[in-house]
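First comes the structure, then the notes that go with it.
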Amino acid sequence: MAAAGWLTPVSVSVKQELEKQYSPSRWSHRMAADDVIKAHVKALKEGTEQARSLAQTLINVPYGDGDGEKLDVYIPRTDSLDVNLVIYIHGGYWQFLSKEESGFMAVPLIDKDVVVVAVGYTIAPKGDMDLMVSQVRRSVVSVIQQYSHISGLYLCGHSAGAHLAAMVLSTDWSQYSITPNIKGAFLVSGIFDLLPILSTYVNEPLKMTEEVAVRNSPSQLVPQLKQSSSGCQIVVAVAQNDSPEFRKQSEEYYKALEAAGLNVTMEDVANTDHFSIIEQLVDADYHLTKLLLKMMGKS
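Everything in the sequence shown is counted per the UniProt record's numbering, starting at 1 for the first residue and increasing by one.
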């Protein structure tokens with residue numbers, strides 16, 4: 001039996017299958033694995049550049065003292081104080097990407113008077129899982145303190161960012177100065193149980209032990225989410241061409257939230273893969289964009 005905090009060894013064949021399942025680029029039908037990642041980064045950068053040209057922006061707003069603890073804010077050109085605000089938490093397996101490519105979803109939202117905040121956090125290997133979870137929680141507190149007049153607060157996270165968004169929903173806010181009223185959350189192609197990735201390449205820069213993985217797995221924290229975010233409308237979205245394991249992660253988390261009596265829906269988005277499911281939020285006519293605007297009463 002493995003000692004507490006140590007990993008039970010897995011066979012080579014199991015490890016290889018898990019590595020395949022948790023390599024989203026190998027499941028895209030659009031292009032080769034390396035190409036789909038390059039195309040993804042390019043799409044996010046181009047969308048973010050477009051957003052920066054359309055919106056008033058506040059770049060590198062600190063929410064803490066750490067180097068990585070900065071936000072980018074995309075502000076619509078409106079005099080109204082009654083605005084909705086979406087906090088976007090980027091993916092990249094907790095080790096790639098940054099807030100610099102994370103403003104793209106502001107493109108269709110600016111016209112609808114929605115503020116978008118892209119959160120930076122300290123990715124691995126410099127940052128560990130406990131730090132990243134703490135950072136995104138503190139970023140939300142900081143946003144509420146800076147924008148106390150907003151009419152609705154929403155979260156959106158993709159892949160590792162969906163994991164971090166789910167961890168925000170599962171926060172015990174009694175340890176903080178404020179309790180956010182998060183009205184809606186979009187958890188897009190996320191990982192909600194970290195245990196399966198412990199033996200894979202994903203964990204090499206993260207160096208998570210079993211104990212760290214358990215305490216940072218949203219699937220283990222559904223009772224806390226129910227206590228903290230019972231009023232939140234949650235959308236668990238998964239791509240048609242996500243890997244079976246990614247799809248299973250979303251389905252099982254959705255079922256756990258539903259069984260807990262939470263306001264949750266599952267969106268299985270046709271003709272998308274792990275990357276295009278989020279890239280298309282740059283488009284006003286995209287299914288998830290329309291769903292988000294409908295949730296805000298702006299459809």
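Note that beta-carbon positions come from the ideal geometry of N, C-alpha and C, so glycine has one too.
Outcome for Q21 when other beta-carbon atoms lying within 10 angstroms are tallied against a minimum of 16: Within a 10 Å sphere around the beta-carbon of Q21 sit 16 or more other beta-carbons, which makes this residue buried.
Assigned secondary structure, Q240 (DSSP; H/G/I helix, E/B strand, else coil): Three-state DSSP puts Q240 in coil, outside helix and strand.
Beta-carbon proximity check, V107 vs Y121, cutoff 8 Å: No, the Cβ-Cβ distance between V107 and Y121 is not below 8 Å.
V36 - DSSP class collapsed to helix/strand/coil: Secondary structure of V36 (DSSP, three-state): helix.
Sequence-distant residues of the same chain with beta carbon closer than 7 Å to A162, five excluded per side: Same-chain partners within the cutoff: L187, V188, S189 and G190.
Distance between beta carbons of K15 and T200, contact taken as under 8 Å: So it is a contact: roughly 7 Å between Cβ atoms.
Three CB pairs or more closer than 8 Å across the stretch 282 to 296 and the stretch 143 to 155: With contact defined as three or more Cβ pairs closer than 8 Å, the stretch 282 to 296 and the stretch 143 to 155 are in contact.
C-beta atoms of Q224 and K183 nearer than 8 Å: By the CB criterion at 8 Å, Q224 and K183 fall outside the cutoff.
Beta-carbon separation (whole angstroms), D268 vs Q240, contact threshold 8 Å: About 6 Å separates the Cβ atoms of D268 and Q240, confirming a contact at the 8 Å cut-off.
D283 versus M105: straight-line alpha-carbon distance, rounded: Roughly 8 Å separates the two Cα atoms.
Top-ranked residue by Cα proximity to F192, from S159, T209, F275 and P205: When only C-alpha atoms are compared, the closest one is S159.
Where T265 falls, given that 16 or more other Cβ within 10 Å makes a residue buried: Its Cβ having fewer than 16 others within 10 Å, T265 is exposed.
Residue from I123, K99 and M129 whose Cα sits closest to the Cα of V116: Ranking I123, K99 and M129 by Cα distance to V116 puts K99 first.
CB contact flag (R77, Q56, <8 Å): Cβ distance < 8 Å, so R77 and Q56 count as in contact.
Residue of P24, K45, M31 and D35 minimising C-alpha distance to E279: For E279, the nearest C-alpha among the options comes from K45.
Whole-angstrom distance between K112 and L292, CA atom to CA atom: Between L292 and K112, the C-alpha separation is close to 11 Å.
Coarse secondary structure for F192, derived from DSSP in three states: Residue state, collapsed to three classes: coil.
Status (buried if at least 16 other CB within 10 Å, exposed otherwise) for S243: Buried is the call here.
3-residue-minimum beta strand (DSSP E) runs that sit fully inside the stretch 212 to 272, ordered along the chain: 233 to 239 and 264 to 269, all fully within the stretch 212 to 272.
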